[in-house]
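Asker: Following the UniProt record's numbering, the numbering of the sequence shown begins with 1 at its first residue and continues without gaps. Just so it is clear, CB atoms sit at the ideal spot from N, CA and C, and this is done for glycine as well. Remember, predicted model here, so these are calculated numbers, not experimental data.
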Amino acid sequence: YQQQYTAFPNLNYLTSLFPSLYLDRYVRALLHMQKDDDLNGFKVVLSQPAYFSGLDGLFHAGHISVDDFSNYLAIHFLMDNGAEYGIDIPSADGHTARNSKKMDTEPKFHKYITRRGHGARRLSRRPLNSKGLAANDNDAIRTGCIDTLIDYMPYGPGYTYVKNRADRDDVRQDIQKQTENVIDQFNVMLDTLEWIDEASLARAHAKSTNLVRNYVWPDFFGDFVDFEDIDNYHHRYGNLIEPAGMTLWDALKQLKHGLQATEMFDIVDQPGDRTNFLMSPATVNAWYQPERNSITFPFGILNPPYFNLLYPQSYNYGGQAGVGGHELTHGYDDEGKVIGRTYFRNNNESD
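Below, the structure written as structure tokens:
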């Protein structure tokens, strides 16, 4: 838990611990603060403070210079944007693929947003296989464009996908019932454990009871008739509404700005939202978020072979319900167990 959530009283104190990183300058620039703005009001939370300590030591000892670090960032900037243009970039050691038979249709350099992931568990998704799924070169380009949109405007393609599924309400209702059955049976199994004491058993039940369930799509999508809420959510992407004369480079910059502003900076002073999906409803994945004690099942994974409304329920329970049970148990593994049942509560960590 301490490695995931380490609080420091203010930014000035944090800067004194890692003087070679100049974190105060970084935060001032990030938040467009003036040089004389007081930083004492900032409570700072770091994940992996030991990493910051190690990095500070490398700079302090002269093992890494500012030029070295600038060049490192420049190379990643070029490679990250090269990947958006479909440039086939080899790995740093020169190998084009770890396993040519398995990975010859996959990109060899993964974009930063794909590698970084989301949330405390750094959740990520596999890029769409634009070469393997495409019927021709133009189709591959179109698939790559959708992949980029899912990365930088996750709820855009997600909204369109859900809106165009006529069975969306039936799927959501079925998955909700299925998941509740899985959680109920999980609680029954907890009661059969002979080795657990009463206090621990009560906490285990409290965690599953307080679990947030994110089913299929976020509620702010509304009724799929009135677009006001989804449009307001994407107001930071405004320049993309009239793309005439906009280059791909300009579009990518606007997409990245919109994502960072919407999903990172605009929520800094907002209460913690445990219903945050983190990723697109069009994602073929499912995940547990320990910092929110929530499970999320996006529409993308609710397709064959995991799930189909026309399948016998035994098939769906063997597929999607197995996924749900797997994600549920993440709340009790080596990562999930270190965070309490709600985490976000009145802007403080939970018990």
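If you pair each beta-carbon of the segment 37–53 with each one of the segment 75–82, do three or more pairs fall below 8 angstroms?
Answerer: Touching, no, given that fewer than three Cβ pairs across the two stretches are closer than 8 angstroms.
Asker: For R28, verify whether its CB is less than 8 angstroms away from any heavy atom of the ligand ZN.
Answerer: Looking at this structure, you won't find the ligand ZN or any other ligand, since it has none at all.
Asker: Please confirm whether H60 and P19 have their CB atoms less than 9 angstroms apart.
Answerer: Here residue 60 refers to the residue found at position 60 when the sequence shown is read from its first residue. Here residue 19 refers to the residue found at position 19 when the sequence shown is read from its first residue. It is a contact, given that the beta carbons lie within the stated cut-off.
Asker: Which residue wins for smallest C-alpha separation from F299, given the options Y159, L58, Q48?
Answerer: Translated into positions along the sequence shown, residue 299 becomes position 299. With distances taken between Cα atoms, F299 lies closest to Y159.
Asker: Nearest-angstrom Cα distance between V225 and K163?
Answerer: The residue you call residue 225 lines up with position 225 of the sequence shown. The residue you call residue 163 lines up with position 163 of the sequence shown. When rounded, the distance between both Cα atoms is 9 angstroms.
Asker: Going straight from the alpha carbon of Y306 to that of Q313, what length do you get?
Answerer: The residue you call residue 306 lines up with position 306 of the sequence shown. The residue you call residue 313 lines up with position 313 of the sequence shown. Spanning the two alpha carbons is a distance of roughly 11 angstroms.
Asker: Return the residue from the list F227, Q289, F297, Y288 that minimises the CA-CA distance to P281.
Answerer: Residue mapping note: residue 281 aligns to position 281 of the sequence shown, counting from 1. The candidate whose alpha carbon is nearest that of P281 is F297.
Asker: Can you tell me which of Y332, E291, A286 puts its alpha carbon nearest to the alpha carbon of R125?
Answerer: Locating residue 125 in the sequence shown gives position 125, where the first residue counts as 1. Taking only the C-alpha atoms, the option nearest R125 is A286.
Asker: Beta-carbon within less than 6 angstroms of N136's beta-carbon, same chain only, minus the 5 sequence neighbours each way: which residues are those?
Answerer: Looking up residue 136 in the sequence shown gives position 136. None.
Asker: Rounding to the nearest angstrom, what Cα-Cα distance links H257 and R236 in this structure?
Answerer: In the sequence shown, the residue the question calls residue 257 occupies position 257. In the sequence shown, the residue the question calls residue 236 occupies position 236. Spanning the two alpha carbons is a distance of roughly 8 angstroms.
Asker: Using only alpha-carbon positions, find the residue among Q34, L58, D56, L23 that is nearest to V44.
Answerer: Along the sequence shown, read from residue 1 onward, the residue named residue 44 stands at position 44. It is L23.
Asker: Give me whichever residues DSSP pairs with W287 in a beta bridge.
Answerer: By one-based count along the sequence shown, residue 287 stands at place 287. DSSP, once it has assigned bridges, lists T296 as partnering W287.
Asker: Should the segment 245–254 be regarded as contacting the segment 202–212, the criterion being three or more beta carbon pairs within less than 8 angstroms?
Answerer: The segment 245–254 vs the segment 202–212: no contact.
Asker: Taking just the CA atoms, how far does I267 sit from L17?
Answerer: As a first step, residue 17 must be located in the sequence shown, where it is residue number 17. As a first step, residue 267 must be located in the sequence shown, where it is residue number 267. Between L17 and I267, the C-alpha separation is close to 27 angstroms.
Asker: Using the beta-carbon count (16 or more within 10 Å), is K207 buried or exposed?
Answerer: Here residue 207 is taken as the residue at index 207 of the sequence shown, counted from 1. By the neighbour-count rule (16 or more Cβ atoms within 10 Å), K207 is buried.
Asker: Which runs of the beta strand (DSSP E) spanning at least 3 residues fall entirely within the segment 184–208, listed in chain order?
Answerer: You should have found no qualifying run.
Asker: Taking only the alpha-carbon atoms, compute the straight-line gap between Q176 and G324 and give it to the nearest angstrom.
Answerer: Position 176 of the sequence shown, counted from the start, is the residue given in the question as residue 176. Position 324 of the sequence shown, counted from the start, is the residue given in the question as residue 324. Answer to the nearest angstrom: the Cα atoms are 11 angstroms apart.
Asker: Return the residue from the list Y85, N239, G222, Y315 that minimises the CA-CA distance to G144.
Answerer: Taking the sequence shown and counting its residues from 1, one reaches residue 144 at position 144. Comparing Cα positions, the closest option is Y85.
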